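*Asks:* This is the structure, below, for whatever I ask next.
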Amino acid sequence: MAVEAVSTTLGSAPPPRRQRLLEDERWLAFALLVPTVVLLGMFIAYPFIRGIMLSVTNSRVGVEGEFVGLANYYKVWNDSIFRTAVYNTFFYTAVTSVFKLALGLWLAMLLNRNFRGKAFTRAFILLPFIIPTVLSTFAWKWMFDPTFSVINWTLYQLGAITGRINWLGDPDLAMASIIVVNIWRGVPFFAISLLAGLQTISPELNEAAAIDGAKPWHRFWYITWPLLLPVTMVVLLFSVIQTFADFQIVYVMTGGGPANATHLFATYAYQIGVGTGLLSEGAAISLAMFPILFLVVIVQLLYIRRVEVR
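Taking our numbering, I'd label the letters of the sequence shown as residues 0 to 309.
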């Protein structure tokens, strides 16, 4: 009896404090979130706060600088090149987003069909998105070169042109060139993401509509598109954020030229902040993009929520 009493007492003893903490879901969640919070703080929060502090000073490379308030923002706003960069960024983002969405949706619809080699084709489609941006952009830069351009050679052989076209030396052609490269790189992301959304739509809905006599266009517009719209808006949101802050394609292909005609927010901020050493003005240009992009994101998120509720 005494042994049983002791066993009962030991069995009912509370677990150690460390074990209780590990079994508590709140402490476990906190422990799992700590590394993420630390990384976000180091690589996002600190640079953002540091950028705000730089933008209200007259800091330069090697010089700490003094507080000047909003003087840098006022100077940037009166800069004609900055206004050009603002227009270019909106134009670049809008045009590329429309084409990436249209081509990506068309490609997703094709890849959603059953055909031989479907798995290989889907993997091959991702190639432009997998290749490092700088590497693929250098290849495109060679393709647009006025002397060694394979595009010029092809057009010349077809009789479409009689002389060399300086694709990256003309302001309008340079903007068109970087738009083409961005579309080429971004279409696979849209295609695969929208394909994943199409896979969640039951084929029975389209089959029932086809039996009722609905044509392919009507089946897409009244069945596929409404069900795919939430996924489409999320993909478009990520694309807008990435394109709005694009840097590598423009920097490698044109460097913002010719004559500052292809500068975006990121490339112009880099040229001023790093190229000339005016860190405070470069930070002000970078932060000028934040409220605009924040407003765009909020509008899109509200629209996505409205679509999901509907």
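For glycine and all other residues, C-beta sits at the position ideal for the given N, C-alpha and C.
Fair warning: this is a prediction, and the values are worked out from it, not measured in the lab.
In the DSSP assignment, find the unbroken alpha helix (DSSP H) run with Ile160 in it and report its ends.
*Replies:* It is not in any alpha helix (DSSP H) - Ile160 carries neither H nor E in the DSSP assignment.
*Asks:* Give a yes or no on whether the C-beta atoms belonging to Ala268 and Ser285 are separated by under 9 Å.
*Replies:* The answer is yes: Cβ separation under 9 Å.
*Asks:* Buried or exposed, going by whether 16 or more other CB atoms sit within 10 Å of the CB of His217?
*Replies:* That one is exposed.
*Asks:* Check Phe147 in the structure and name its three-state DSSP category.
*Replies:* In this structure, Phe147 counts as coil in the three-state DSSP scheme.
*Asks:* Looking only at its own chain, which residues have a Cβ that is under 8 Å from the Cβ of Tyr155, when we skip the five neighbours before and after it?
*Replies:* Excluding positions up to five away in sequence, the list reads Thr161.
*Asks:* Within a Cβ cutoff of 7 Å, which residues of the same chain sit near Ala258, ignoring the five residues on either side of it in sequence?
*Replies:* For Ala258, where only same-chain residues beyond five positions count, the Cβ hits under 7 Å are Pro170.
*Asks:* In whole angstroms, what is the alpha-carbon distance linking Ser6 and Thr199?
*Replies:* Since pLDDT at Ser6 reaches only 48, below the 50 mark, its modelled position is unreliable, and no value is offered.
*Asks:* Return the chain-ordered ranges of every alpha helix (DSSP H) run that is complete within the region 32 to 71 and spans a minimum of 4 residues.
*Replies:* Listed in chain order, the complete alpha helix (DSSP H) runs (minimum 4 residues) inside the region 32 to 71 are 45 to 54.
*Asks:* If we ignore side chains and look at the alpha-carbon of each, how far apart do Gly61 and Ala282 end up?
*Replies:* In a straight line, the C-alpha of Gly61 is about 16 Å away from that of Ala282.
*Asks:* What three-state label does DSSP hand Ile178 in the structure shown?
*Replies:* Of the three classes helix, strand and coil, the one that applies to Ile178 here is helix, per DSSP.
*Asks:* Within 9 Å of any Cβ in chain C, is that where the Cβ of Gln198 sits?
*Replies:* In the structure shown, chain C cannot be found, because there is only a single protein chain.
*Asks:* CB-CB under 7 Å to Gly103, same chain, minus the five flanking residues each way: which ones, in chain order?
*Replies:* Val186, Phe189, Ala190 and Leu193.
*Asks:* In whole angstroms, what separates the C-alpha of Lys74 from that of Tyr221?
*Replies:* Roughly 51 Å between the two C-alpha positions.
*Asks:* Taking the straight line between their C-alpha atoms, what separation do you get for Glu206 and Phe219?
*Replies:* Spanning the two alpha carbons is a distance of roughly 12 Å.
*Asks:* Check each candidate in Met41, Val180 and Pro202 and name the one with the smallest Cα separation from Leu113.
*Replies:* Residue identity check: residue 113 is Asn in the sequence provided, not Leu. Minimum Cα distance to Asn113 is reached at Pro202.
*Asks:* On the criterion of 16 or more Cβ atoms from any shown chain inside 10 Å, does Leu134 qualify as buried, or is it exposed?
*Replies:* Exposed is the call here.
*Asks:* In chain order, what residues of the same chain lie with their CB nearer than 7 Å to the CB of Val149, ignoring the 5 residues before and after it?
*Replies:* Excluding positions up to five away in sequence, the list reads Met142.
*Asks:* Out of curiosity, what's the CA-to-CA distance linking Lys140 and Val308?
*Replies:* Between Lys140 and Val308, the C-alpha separation is close to 45 Å.
*Asks:* Going straight from the alpha carbon of Ile303 to that of Phe237, what length do you get?
*Replies:* Each residue's alpha carbon lies about 12 Å from the other.
*Asks:* In chain order, what residues of the same chain have a beta carbon less than 6 Å from the beta carbon of Leu172, not counting five sequence neighbours either side?
*Replies:* So the list reads Trp166, once near-sequence residues are dropped.
*Asks:* Any chance you could list the alpha helix (DSSP H) runs of at least 4 consecutive residues sitting entirely within the region 207 to 295, in chain order?
*Replies:* Fully enclosed alpha helix (DSSP H) runs of 4 or longer: 215 to 218, 224 to 243, 247 to 252 and 264 to 269.
*Asks:* So what does DSSP say about Asp171, is it helix, strand or coil?
*Replies:* Asp171: helix per DSSP, three-state reduction.
*Asks:* Indicate whether Ile177 and Val249 have their beta-carbon atoms separated by less than 9 Å.
*Replies:* Yes, they are a contact pair.
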